[in-house]
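**Q**
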Amino acid sequence: MIKIVKFGGSSLASAGQFAKVGDIIRADESRKYVVPSAPGKRNSKDTKVTDMLYDCYATAEAGEDFKLKLKKIKERYDSIINGLNLKLSLEEEFKVIAENFEKKAGSDYAASRGEYLNGIIMANYLGYDFIDAAEVIFFNDNGEFDAEKTNEVLSARLKKSERAVIPGFYGAYPNGVVKTFSRGGSDVTGSIVAKAAGADIYENWTDVSGFMVADPRIIDNPEVIKVITYRELRELSYMGASVLHEDAVFPVRKAGIPINIRNTNAPEDEGTLIVESTCHKPEYTITGIAGKKGFVAVNIDKDMMNSEVGFGRKVLQAFEQYDISFEHVPSGIDTMTVFVHQEEFEGKEQQVLSAIHRLAEPDTIDLEADLALIAVVGRGMRSTRGTAGRIFSALAHANVNVKMIDQGSSELNIIIGVANNDFETAIEAIYDIFVKTRL
Ligand code: ASP
31 MIKIVKFGGS
41 SLASAGQFAK
51 VGDIIRADES
61 RKYVVPSAPG
71 KRNSKDTKVT
81 DMLYDCYATA
91 EAGEDFKLKL
101 KKIKERYDSI
111 INGLNLKLSL
121 EEEFKVIAEN
131 FEKKAGSDYA
141 ASRGEYLNGI
151 IMANYLGYDF
161 IDAAEVIFFN
171 DNGEFDAEKT
181 NEVLSARLKK
191 SERAVIPGFY
201 GAYPNGVVKT
211 FSRGGSDVTG
221 SIVAKAAGAD
231 IYENWTDVSG
241 FMVADPRIID
251 NPEVIKVITY
261 RELRELSYMG
271 ASVLHEDAVF
281 PVRKAGIPIN
291 IRNTNAPEDE
301 GTLIVESTCH
311 KPEYTITGIA
321 GKKGFVAVNI
331 DKDMMNSEVG
341 FGRKVLQAFE
351 QYDISFEHVP
361 SGIDTMTVFV
371 HQEEFEGKEQ
381 QVLSAIHRLA
391 EPDTIDLEAD
401 LALIAVVGRG
411 MRSTRGTAGR
421 IFSALAHANV
431 NVKMIDQGSS
441 ELNIIIGVAN
451 NDFETAIEAI
461 YDIFVKTRL
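Just so you know, we're using my numbering here: the sequence shown kicks off at 31 and counts up by one.
1) For ligand 1, I want to know if G136 counts as a neighbour, meaning its beta carbon is within less than 7 Å of at least one of the ligand's heavy atoms.
2) Relative to the C-alpha of V166, which residue among L188, E253, A153 and Y84 is closest?
3) Could you check what DSSP says for I167 in three-state terms: helix, strand or coil?
4) DSSP three-state call for H275: helix, strand or coil?
5) Inspect the CB distances between the segment 360-377 and the segment 316-332 and report whether three or more fall short of 8 Å.
6) At a cut-off of 7 Å, would you count S487 as near ligand 1, judging by its Cβ distance to the nearest heavy atom?
7) Looking at C-beta atoms only, is the number of pairs between the segment 129-148 and the segment 171-185 that lie closer than 8 Å three or more?
8) Tell me which residue opens and which closes the beta strand (DSSP E) that H358 is part of.
9) For T365, which three-state DSSP category applies?
10) Are any of the Cβ atoms in chain D nearer than 8 Å to that of L184?
11) So, helix, strand or coil for I249, using DSSP?
12) Would the beta-carbon of E233 fall within 8 Å of that of V35?
13) If we count the other Cβ atoms within 10 Å of its Cβ and call it buried at 16 or more, is M334 buried or exposed?
14) What distance in whole Å lies between the Cβ atoms of R468 and Y352, which are believed to be in contact at a cut-off of 8 Å?
15) Going straight from the alpha carbon of E350 to that of P360, what length do you get?
16) Spatial neighbours of G286 within its chain, please: CB distance less than 7 Å, with the 5 preceding and 5 following residues excluded, ordered by chain position.
17) Sorry if obvious, but does the Cβ on E105 come closer than 7 Å to a heavy atom of ligand 1?
18) Per DSSP, K62 forms a beta bridge with which residues?
19) Three or more beta-carbon pairs under 8 Å between the segment 83-94 and the segment 53-66, yes or no?
20) What does a CB cutoff of less than 7 Å around K454 pick up in its chain, not counting 5 residues either side in sequence?
21) Find out if the Cβ-Cβ distance for the pair A194, I222 is shorter than 8 Å.
22) Would you mind working out which of I255, A229 and Y268 sits nearest K284, comparing C-alpha positions?
So, in structure tokens, the structure goes:
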């Protein structure tokens with residue numbers, strides 16, 4: 031049994047957190063490969079080391095004195111090293127980093143040092159091998175992740191180490207220059223390592239006990255989702271629920287390796303298991319609720335629209351011309367509505383409207399702004415009658431006016447459009463009916 035364990039920044043923010051991580055790893059001998067992030071925030075006013083590094087490098091790049099900022103970063107690491115009583119000095123490493131900053135080695139290089147140094151500490155603390163990600167994770171010359179080369183080199187390298195630490199977040203171009211993934215990219219590294227190691231499971235340790243059924247900023251103490259499929263996760267993440275980097279799913283999904291989101295501060299919690307498919311029935315019919323505010327509905331009317339072939343294409347062409355992506359397109363006999371992001375649309379509004387007039391010659395176009403979309407997601411909906419009925423009666427009781435309904439044929443989700451002002455009330459009502467009262 032091989033488990034890959036990735037620890038996020040808050041799990042590694044201090045010596046105390048490192049000690050918890052050490053206990054977790056030692057508690058299960060199949061936790062063979064460890065992917066650390068850089069030290070995160072120790073409290074809400076703290077700064078992540080990655081952000082300190084970006085800032086320090088910007089100072090270096092501007093030709094100003096960056097030494098004090100770099101010293102502050104070193105102090106973060108030293109306090110971890112000392113707190114763990116390790117016989118390790120990062121003096122030489124910091125000399126090299128300072129030299130490379132002077133040489134303007136790039137902000138990716140700078141940011142990557144956060145996980146690189148944390149990886150060195152972690153390997154020393156655990157007595158594991160250290161594998162520099164720049165030697166095993168590759169990007170091509172266009173900056174795209176090179177999955178094939180990485181998998182070949184990394185799996186061969188892992189075979190040589192029974193236990194190892196591989197820092198997250200970065201890799202290298204073919205010429206060896208360091209490149210990072212986008213922010214939060216250590217999740218992606220964990221997934222890549224899991225695939226290369228042929229792992230049985232990818233454990234992603236963070237500071238929450240998994241995916242919540244609904245946003246904890248709206249619902250007090252929401253229930254945790256025990257098992258979720260990749261497709262459900264994608265629907266919920268797209269609508270704003272975030273715990274995991276979006277790209278982290280691909281390597282393991284293709285290899286059929288489940289991801290387990292776990293909480294470093296509550297290791298006894300089972301967390302959320304993300305799987306390709308499952309016969310595990312969700313407890314509440316729905317798996318989760320997520321949503322976003324800030325949409326505009328563009329309502330287009332034309333008599334006899336139903337018989338005009340190509341009308342929809344012409345309307346969508348107007349949006350395409352101005353590089354605006356649409357979210358949903360519910361339609362009636364003589365009406366068609368296009369939901370777009372308000373932010374994207376606002377600046378180009380009049381051009382888009384005149385393009386629709388020119389291309390599709392509608393009778394009227396009417397705009398409705400400040401709308402929110404809510405996705406109610408669940409594989410359990412397919413086999414349960416009355417889900418939509420329950421949602422809409424809950425919304426009616428909560429006095430929420432539903433502006434739009436869209437259910438995909440996969441029956442995996444129901445999308446509901448409401449006014450921005452009703453957003454929180456609507457989510458509460460849906461959560462209550464399925465989770466609290468389990469009606
Ligand atoms: N340390 C990097 C960041 O702050 C990457 C990560 O934590 O996954 O984005």
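Even for Gly, the Cβ is constructed at its ideal location relative to N, Cα and C. Since we're looking at a predicted model, the values are computed, not measured.
**A** Once the coordinates are examined:
1) Position 106 of the sequence shown, counted from the first residue, corresponds to residue 136. The answer is no for G136.
2) Stepping through the sequence shown from its first residue, residue 166 is reached at position 136. Among L188, E253, A153 and Y84, the Cα nearest to that of V166 is on L188.
3) On the sequence shown, residue 167 is found 137 positions in, with the first residue counted as 1. In this structure, DSSP gives I167 a state outside helix and strand, which the three-state scheme calls coil.
4) The sequence position of residue 275 within the sequence shown is 245, counting from 1. Under the three-state reduction of DSSP output, H275 falls in the coil class, being neither helix nor strand.
5) A contact exists between the segment 360-377 and the segment 316-332.
6) Residue 487 lies beyond the stretch modelled for the chain, which goes from 31 to 469, so this question has no answer here.
7) The segment 129-148 is not in contact with the segment 171-185.
8) Here residue 358 refers to the residue found at position 328 when the sequence shown is read from its first residue. F356 to H358 is the span of the beta strand (DSSP E), which, as asked, contains H358.
9) As a position in the sequence shown, residue 365 is number 335, starting the count at 1. Three-state DSSP puts T365 in a strand.
10) Checking the listed chains, one finds no chain D in this structure; it contains a single protein chain.
11) Residue numbering aside, residue 249 sits at position 219 when the sequence shown is read from its first letter. If DSSP states are grouped into helix, strand and coil, I249 belongs with coil.
12) Reading the sequence shown from its first residue, position 203 is the one you call residue 233. Reading the sequence shown from its first residue, position 5 is the one you call residue 35. Yes. Within cutoff.
13) Position 304 of the sequence shown, counted from the start, is the residue given in the question as residue 334. In this structure M334 is exposed. Its beta-carbon is surrounded by fewer than 16 other beta-carbon atoms within 10 angstroms.
14) For this step, residue 352 is matched to residue 322 along the sequence shown. For this step, residue 468 is matched to residue 438 along the sequence shown. 46 Å between Cβ atoms; not a contact.
15) Along the sequence shown, one-based indexing puts residue 350 at 320. Along the sequence shown, one-based indexing puts residue 360 at 330. Cα-Cα distance, rounded: 18 Å.
16) Start at 1 with the first residue of the sequence shown, and residue 286 comes out as number 256. Taken in chain order, the residues that qualify are E306.
17) Here residue 105 refers to the residue found at position 75 of the sequence shown. No, the beta carbon of E105 sits no closer than 7 Å to any heavy atom of ligand 1.
18) Walking along the sequence shown from the start, residue 62 turns up at place 32. Looking at the DSSP output, K62 shares a beta bridge with no other residue.
19) Three or more Cβ pairs closer than 8 Å define a contact, and the segment 83-94 falls short of that threshold against the segment 53-66.
20) Here residue 454 refers to the residue found at position 424 when the sequence shown is read from its first residue. The question names Lys, yet the displayed sequence has Glu at residue 454. Shown here for E454: same chain residues with a beta carbon closer than 7 Å to its own, the five before and five after excluded, namely I248 in chain order.
21) What you label residue 194 is simply residue 164 of the sequence shown in a count that begins at 1. What you label residue 222 is simply residue 192 of the sequence shown in a count that begins at 1. Not a contact, by the Cβ cut-off of 8 Å.
22) Residue numbering aside, residue 284 sits at position 254 when the sequence shown is read from its first letter. Nearest of I255, A229 and Y268 to K284, Cα basis: A229.
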